[in-house]
Amino acid sequence: MEVSEVKKLWLTALRDLERFANNKYWLAAQIAMNLADIFIFALVFRGFIKRDIVPDYLQYMTPGAVALASFVAAFSIGREVGMEVRRELVDYLLVLPMKRTTLVFGRILSGMLRGLVYQVPFIVIAMILLSPPTIGKTPILIATSIILTTTMSSLAIAVSTISRDFNIQATFRALTHYLLFFFSNVFYTRKALELRFPQPLPDIINIMPISIAADIYRWCFNYYQSIDIWQKLLALAIWGAILTLIATTIYLRNLTKR
Numbered sequence: 124m125e126v127s128e129v130k131k132l133w134l135t136a137l138r139d140l141e142r143f144a145n146n147k148y149w150l151a152a153q154i155a156m157n158l159a160d161i162f163i164f165a166l167v168f169r170g171f172i173k174r175d176i177v178p179d180y181l182q183y184m185t186p187g188a189v190a191l192a193s194f195v196a197a198f199s200i201g202r203e204v205g206m207e208v209r210r211e212l213v214d215y216l217l218v219l220p221m222k223r224t225t226l227v228f229g230r231i232l233s234g235m236l237r238g239l240v241y242q243v244p245f246i247v248i249a250m251i252l253l254s255p256p257t258i259g260k261t262p263i264l265i266a267t268s269i270i271l272t273t274t275m276s277s278l279a280i281a282v283s284t285i286s287r288d289f290n291i292q293a294t295f296r297a298l299t300h301y302l303l304f305f306f307s308n309v310f311y312t313r314k315a316l317e318l319r320f321p322q323p324l325p326d327i328i329n330i331m332p333i334s335i336a337a338d339i340y341r342w343c344f345n346y347y348q349s350i351d352i353w354q355k356l357l358a359l360a361i362w363g364a365i366l367t368l369i370a371t372t373i374y375l376r377n378l379t380k381r
């Protein structure tokens, strides 16, 4: 990509990020709601889940909330892109002096930056409730956040541009949201999943991107002492590459489809 196109990509992403930051009351409400989720779920489930399965449910769930935070923020770009496609505002985007691929990757980059910004308070909470990541784990934490937010941003754009019909958009967005939100190990350990669900459902849940990222965060914040970190990171990177390719293809199709 040419230098001028890289600059345009950054300008596109920063424009979207500025619009995201301008909704400060929505942003504050979302952060407060998600922080409340951590403590409410922890207090409720603490009394139901046996201590031999999860010794401290609050510590178990907190790193998962870091993963969910990026998911919530990154999906906001999907809603905006979906609205543009639905209202045919893409006609204005197509006349901008930039390549269409630059526009697409600029929107994905915007979703990634939104997710990273939104994650900050949750990372601070995780550092307080568990322990700060070591110097050696910090690059893994940063890489995981970048890959996860890129993956969620790409998925959000792909789902929101799959159709110009609002009802279809809303249905697919809600279905994706609930599948990723509840079919993950954010709230339930692998052992709990295996006790309640038949195989291969627990295995499928544990290879979902949110679950993979949650496990990496638990390791980074020293909840897990040992995991196959490189295998987890590779699996998350594969998810990111696949979903980014799908999002690019679908978004480009909708930009030019008439």
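FYI, the numbering for the sequence shown is 124 to 381, going by the working numbering. From the three backbone atoms N, C-alpha and C, an ideal C-beta is built for every residue, glycine too.
- The beta carbon of Y183 is closer than 6 Å to those of V177 in its chain, skipping five residues each way along the sequence.
- Leaving aside the five residues that flank T299 on each side, the residues in its chain whose CB is nearer than 6 Å to its CB run, in chain order, V282.
- Annotated three-state conformation of Y311 is coil, per DSSP.
- For T257, no alpha helix (DSSP H) encloses it, and the DSSP letter there is neither H nor E.
- When secondary structure is reduced to three states using DSSP, N345 falls in the coil class, being assigned neither helix nor strand.
- In the DSSP annotation of this structure, P323 is not part of any alpha helix (DSSP H), being labelled neither H nor E.
- Below 8 Å, enough C-beta pairs join the region 256-272 and the region 234-243 to call them touching: three or more.
- With 16 or more neighbouring CB atoms inside 10 Å of its own CB, L303 falls in the buried class.
- For the pair of segments examined, the region 154-162 was found not to touch the region 210-221: the number of CB pairs separated by less than 8 Å stays below three.
- Here F168 carries a helix assignment [DSSP, helix/strand/coil].
- If you ignore the 5 residues before and after L140, its C-beta comes within less than 7 Å of the C-beta of S233, L236, R237, all in its own chain and listed in chain order.
- At a Cβ-Cβ threshold of 8 Å, T257 and Y340 do not count as neighbours.
- Residue environment for A151: exposed (fewer than 16 other C-beta atoms within 10 angstroms of its C-beta).
- Judged by DSSP in its simplified three-state form, I246 adopts helix.
- Residues N308, L324, P325, I328, N329 of the same chain have their beta carbon placed closer than 8 Å to that of L316, with the five preceding and five following residues left out of the count.
- In the three-state DSSP reduction, K173 falls in the coil class, being neither helix nor strand.
- The beta carbon of M221 is closer than 7 Å to those of E128, K131 in its chain, skipping five residues each way along the sequence.
- Around the CB of A297, fewer than 16 other CB atoms lie within 10 Å, so the residue is classed as exposed.
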